[in-house]
Amino acid sequence: MSFHLIAGDTPNIWLGKFNIFPEDMFIHGISTRHGGFSHSSYSSLNLGLHVEDDAEHVVNNRIEFCRNLGVDYKALVTCQQVHSANVAKVTRADKGKGLENYEEAIANTDALITNEANIPLMLFFADCTPIIMADPVHKAVGVAHGGWKGTVKSIAVKTIEMMGQEYGTRPEDVLAGIGPAIGPCCYQVGEEVAQQFRDSFPEFADEIIEPASEKGKSYLNLWQANARQLLAAGVLKEHIEVAGVCTACHNQQFFSYRADGGRTGRIGALICLK
Ligand SMILES: [Zn+2]
13 MSFHLIAGDT
23 PNIWLGKFNI
33 FPEDMFIHGI
43 STRHGGFSHS
53 SYSSLNLGLH
63 VEDDAEHVVN
73 NRIEFCRNLG
83 VDYKALVTCQ
93 QVHSANVAKV
103 TRADKGKGLE
113 NYEEAIANTD
123 ALITNEANIP
133 LMLFFADCTP
143 IIMADPVHKA
153 VGVAHGGWKG
163 TVKSIAVKTI
173 EMMGQEYGTR
183 PEDVLAGIGP
193 AIGPCCYQVG
203 EEVAQQFRDS
213 FPEFADEIIE
223 PASEKGKSYL
233 NLWQANARQL
243 LAAGVLKEHI
253 EVAGVCTACH
263 NQQFFSYRAD
273 GGRTGRIGAL
283 ICLK
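In my numbering, each residue's number is its place in the sequence shown (first place is 1) plus 12.
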């Protein structure tokens, strides 16, 4: 069984699960758009505070999602994602950052890591690629935001490198889940984006960029780009699980920036060391 959704306790709340992360050591989950309090474009489990949704609804959505996963909502740590390759080390002093107020989230950061237990790390997505990582040997976790900009800057690899510096994580011990994100079926990009990927990853450019029928356009495969970067960094093939779920094709289930025309909510990708 590959990436799958399991029913939460709350009606219509679903928990997206990889098989790669041992449940006795890590709690992880990816949300869907169902089972929350938000209305209209954000209907209904929008977890992002920065998208002009009613903050009270977002907070209630976060509380419900955390409760269904069995993590302490009050300890949640989030960041202000800016399509950078910046990774922040999280400690218990950061608990609750960005919980109910976006301004208090960790600034200028697109990946979070920790080796402390019971601190759920959560990032937000609508088409960009969630990459969840865990090191069962050194007991550390990380989560990264891989849009095209973060992916071209190798955000997932930067995350495991920082886990190495801070916690002694070795790439061969890393377990990685690449979550639902816009797929190569739908993610059309212009020539300047395609060229950045060709320049940065000549060794696998052919696998991640397909010419589109429209002149000057290509389809970009962010799932595979992130997986190939992790492999090149020494993560084992059998330790990488790719959901392979396109958020635009499955817009009924997940928020999609492109399929929803820009105004939409955010799913969350969360991991917590037990
Ligand atoms: Zn698609």
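Beta carbons are placed, not taken as given, at the ideal position from N, Cα and C, and that holds for glycine.
Note that the coordinates shown come from a computational prediction; the quantities given were computed from them, not determined experimentally.
- Message: Am I right that Tyr269 and Ala138 are in contact with their C-beta atoms under 8 Å? What's the rounded C-beta distance?
- Response: 4 Å
- Message: Pop quiz: Ile25 and Glu76 are said to be a contact at Cβ under 8 Å. What is the actual Cβ separation, rounded to whole angstroms?
- Response: 6 Å
- Chain-order list of residues whose beta-carbon lies under 6 Å from that of Arg240 (same chain, five-residue window excluded): Phe216
- Task: Report the three-state DSSP secondary structure of Val169 (helix, strand or coil).
- Result: Taken through DSSP and simplified to helix, strand or coil, Val169 comes out as helix.
- Pick from Val94, Ala97 and Val83: whose alpha carbon is nearest that of Gly108? Val83
- Message: Rounded to whole angstroms, what is the Cα-Cα separation between Met175 and Thr103?
- Response: Rounded to the nearest angstrom, the two C-alpha atoms are 13 Å apart.
- With burial defined as no fewer than 16 other Cβ atoms inside 10 Å of the residue's Cβ, what is the status of Met13: buried or exposed? exposed
- Task: Please determine if the region 18-33 and the region 130-137 are in contact, where contact requires at least 3 C-beta pairs separated by less than 8 Å.
- Result: no
- Item | For Leu285 and Thr126, believed in contact at Cβ under 8 Å, the rounded distance | 7 Å
- Task: Less than 8 Å between the CB atoms is what I'm expecting for Gly277 and Ser50, so what's the real figure, rounded?
- Result: 6 Å
- Task: Along the alpha helix (DSSP H) that carries Phe209, what are the first and last residues, could you check?
- Result: Glu203 to Ser212
- Indicate whether the contact test is met: 3 or more Cβ pairs, each with one atom in the region 246-254 and one in the region 193-201, closer than 8 Å. no
- Query: From Asp122 to Val169, what does the alpha carbon distance come to, in whole angstroms?
  - Reply: 12 Å
- Message: At a cut-off of 7 Å, would you count Ala193 as near ligand 1, judging by its Cβ distance to the nearest heavy atom?
- Response: no
- Three-state class that DSSP yields for Lys29 in the structure shown: The answer is strand: DSSP assigns Lys29 an E or B state.
- Can you grab the Cα-Cα spacing for the pair Gly158 / Val254, in whole Å? 14 Å
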